[in-house]
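K.L.:
Protein chains: 2
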Amino acid sequence: MQLDHVFGALSDATRRAIVMRLCDGEASVGELAKPFEMALPSLMKHIRILESSGLVASEKTGRVRMCSLRTEALATVEVWLAAQREIWEQRLDRLEMYVEKLKKEKKSNARKRKSK
Amino acid sequence: MQLDHVFGALSDATRRAIVMRLCDGEASVGELAKPFEMALPSLMKHIRILESSGLVASEKTGRVRMCSLRTEALATVEVWLAAQREIWEQRLDRLEMYVEKLKKEKKSNARKRKSK
DNA sequence: TGATTGGTTAGCCATAAAGCTAACTATAGT
DNA sequence: ACTATAGTTAGCTTTATGGCTAACCAATCA
Numbered sequence: 006m007q008l009d010h011v012f013g014a015l016s017d018a019t020r021r022a023i024v025m026r027l028c029d030g031e032a033s034v035g036e037l038a039k040p041f042e043m044a045l046p047s048l049m050k051h052i053r054i055l056e057s058s059g060l061v062a063s064e065k066t067g068r069v070r071m072c073s074l075r076t077e078a079l080a081t082v083e084v085w086l087a088a089q090r091e092i093w094e095q096r097l098d099r100l101e102m103y104v105e106k107l108k109k110e111k112k113s114n115a116r117k118r119k120s121k
Numbered sequence: 006m007q008l009d010h011v012f013g014a015l016s017d018a019t020r021r022a023i024v025m026r027l028c029d030g031e032a033s034v035g036e037l038a039k040p041f042e043m044a045l046p047s048l049m050k051h052i053r054i055l056e057s058s059g060l061v062a063s064e065k066t067g068r069v070r071m072c073s074l075r076t077e078a079l080a081t082v083e084v085w086l087a088a089q090r091e092i093w094e095q096r097l098d099r100l101e102m103y104v105e106k107l108k109k110e111k112k113s114n115a116r117k118r119k120s121k
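Read top to bottom, the protein sequences are chains Y and P. Under the working numbering, the residue at position 111 of the first sequence is numbered 116, and the numbers go up by one with no gaps. Under the working numbering, the residue at position 76 of the second sequence is numbered 81, and the numbers go up by one with no gaps.
Given below as structure tokens:
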């Protein structure tokens, strides 16, 4: 399961809505389709995309296919984002130090200028 | 800034690489382009997409455009994911309770069967 | 001022995405 | 057996995406 596909899957409002719906418990394709003004085949495509991204699993029993969330994929994305933010925050810390340094230099410049 | 666009922006490996590079500090368009075997205009498109998603900001001074990260967007996505996961975990808790219930029922059925 | 550098615009192409309808399969209910 | 239900397949359209080249500004630098 790749980041590309998970992010791609979540970049569509319909699919995010499906994910949100599935957070609330399993659902059949038909149940998932109800809230949307969309032909079934179109919705099925979304479900397939969600499946191939690893976000959703489904199993057919009889004539109904039940879909459920696989949260490992969600977790993967969270991990990636958190990692980026961490690096960023470290960088902000360094920036802060740099700004402090600049302030000090400014002060010393001011002193120099005064004393000139 | 909408979730659609942020997820969409992050669904491309090139753009994620740019974001990762920018975690490490500001960079000009040229600097960003170097690691990629890609014509400049193509890379510029990615930068624009990142900008319109709110993930990146840029400012042109002289003839060079500096790009930087705007982490609010990253945070937005993290919040969304965390919210989904929370709902999901609550659901798992409920599921666990349900499974416990099933177990008990099974036991009582077993007892019934034995006593039959 | 003339050449170089750094970015931008315009326009093209191939492929993928998101939707549709119509026709089909397979299970369940009567 | 017949009909209704639940998905599925196939095939079409429109629009978006990701890439390219070529030509074009606009700042520096020599």
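Glycine included, each C-beta is placed from N, C-alpha and C at the ideal position.
How many angstroms separate the CA atom of Y/M43 from the CA atom of Y/A87?
P.N.:
Numbered from its first residue, the first sequence carries residue 43 of chain Y at position 38. Numbered from its first residue, the first sequence carries residue 87 of chain Y at position 82. Going by the C-alpha atoms only, they are around 35 Å apart.
K.L.:
What would DSSP say about Y/A87, mapped onto helix, strand or coil?
P.N.:
Locating residue 87 of chain Y in the first sequence gives position 82, counting from the first residue. Three-state DSSP puts Y/A87 in a helix.
K.L.:
For the segment 25 to 99 of chain P, list the alpha helix (DSSP H) runs that are entirely contained and at least 4 residues long, ordered along the chain.
P.N.:
Within the segment 25 to 99 of chain P, the complete alpha helix (DSSP H) runs of at least 4 residues are 34 to 38, 45 to 57.
K.L.:
For the alpha helix (DSSP H) containing P/D9, list its first residue and its last residue.
P.N.:
Walking along the second sequence from the start, residue 9 of chain P turns up at place 4. 8 to 15 is the span of the alpha helix (DSSP H), which, as asked, contains P/D9.
K.L.:
Using a Cβ-Cβ distance under 7 Å, would P/A22 count as near chain Y?
P.N.:
Along the second sequence, one-based indexing puts residue 22 of chain P at 17. P/A22 does not count as touching chain Y.
K.L.:
Compare the C-beta of Y/K53 with all C-beta atoms of chain P and state if any pair is closer than 7 Å.
P.N.:
Locating residue 53 of chain Y in the first sequence gives position 48, where the first residue counts as 1. The question names Lys, but residue 53 of chain Y is Arg in the sequence shown. Cβ-Cβ to chain P under 7 Å: no for Y/R53.
K.L.:
Would you check if the distance between the CB atom of P/S33 and the CB atom of P/M71 is smaller than 7 Å?
P.N.:
Position 28 of the second sequence, counted from the first residue, corresponds to residue 33 of chain P. Position 66 of the second sequence, counted from the first residue, corresponds to residue 71 of chain P. Yes. Within cutoff.
K.L.:
Nearest by alpha-carbon distance to Y/H10: which of Y/Q89, Y/L79, Y/P46 is it?
P.N.:
As a position in the first sequence, residue 10 of chain Y is number 5, starting the count at 1. Checking every option, the nearest Cα to that of Y/H10 belongs to Y/L79.
K.L.:
Of all the CB atoms in chain P, is at least one closer than 7 Å to the CB of Y/A18?
P.N.:
Here residue 18 of chain Y refers to the residue found at position 13 when the first sequence is read from its first residue. At least one chain P Cβ lies under 7 Å of Y/A18.
K.L.:
Could you tell me whether the Cβ atoms of Y/A62 and Y/R53 are closer together than 7 Å?
P.N.:
Counting from 1 along the first sequence, the entry for residue 62 of chain Y is found at position 57. Counting from 1 along the first sequence, the entry for residue 53 of chain Y is found at position 48. Their beta carbons are not under 7 Å apart, which means Y/A62 does not touch Y/R53 by this criterion.
K.L.:
Grab me the residues of P/A192's own chain with a C-beta within less than 8 Å of its C-beta, minus the 5 sequence neighbours each way, in chain order.
P.N.:
The question about residue 192 of chain P has no answer here: the residues shown for chain P are numbered 6 through 121.
K.L.:
Nearest-angstrom Cα distance between P/E64 and P/R20?
P.N.:
The count along the second sequence starts at 1 and reaches residue 64 of chain P at position 59. The count along the second sequence starts at 1 and reaches residue 20 of chain P at position 15. Looking at the two C-alpha atoms, the distance is approximately 18 Å.
K.L.:
Using a C-beta cutoff of 7 Å, does P/S120 count as contacting chain Y?
P.N.:
For this step, residue 120 of chain P is matched to residue 115 along the second sequence. Legend: pLDDT at P/S120 = 45, less than 50; position of this residue unreliable, no value from coordinates given.
K.L.:
Tell me, please, whether the CB atom of P/F12 is closer than 7 Å to any CB atom in chain Y?
P.N.:
On the second sequence, residue 12 of chain P is found 7 positions in, with the first residue counted as 1. So yes, P/F12 belongs to the interface.
K.L.:
Is the Cβ-Cβ distance between P/W93 and Y/C28 less than 7 Å?
P.N.:
Counted from its first residue, the second sequence places residue 93 of chain P at position 88. Counted from its first residue, the first sequence places residue 28 of chain Y at position 23. Their beta carbons are under 7 Å apart, which means P/W93 touches Y/C28 by this criterion.
K.L.:
Hey, Y/E31 and Y/S73: beta-carbon distance below 7 Å or not?
P.N.:
Position 26 of the first sequence, counted from the start, is the residue given in the question as residue 31 of chain Y. Position 68 of the first sequence, counted from the start, is the residue given in the question as residue 73 of chain Y. Yes, they are a contact pair.
K.L.:
Using a Cβ-Cβ cut-off of less than 9 Å, list which residues of the segment 55 to 86 of chain P approach chain Y; keep chain order.
P.N.:
Listed by position along the chain: L74, T76, L79, A80, V82, E83, W85, L86.
K.L.:
Given that a residue counts as buried once 16 or more other Cβ atoms are within 10 Å of its Cβ, and exposed if not, what is Y/A14?
P.N.:
Mapped onto the first sequence, residue 14 of chain Y falls at position 9. Y/A14 should be labelled buried.
K.L.:
Taking 7 Å as the threshold (beta carbon to beta carbon), is Y/L15 in contact with chain P?
P.N.:
Mapped onto the first sequence, residue 15 of chain Y falls at position 10. Answer yes: the Cβ-Cβ gap between Y/L15 and chain P drops below 7 Å somewhere.
K.L.:
What distance in whole Å lies between the Cβ atoms of Y/R90 and P/E83, which are believed to be in contact at a cut-off of 8 Å?
P.N.:
Sequence index remark: in the second sequence, residue 83 of chain P carries index 78 (1-based). Sequence index remark: in the first sequence, residue 90 of chain Y carries index 85 (1-based). That pair is a contact at about 7 Å.
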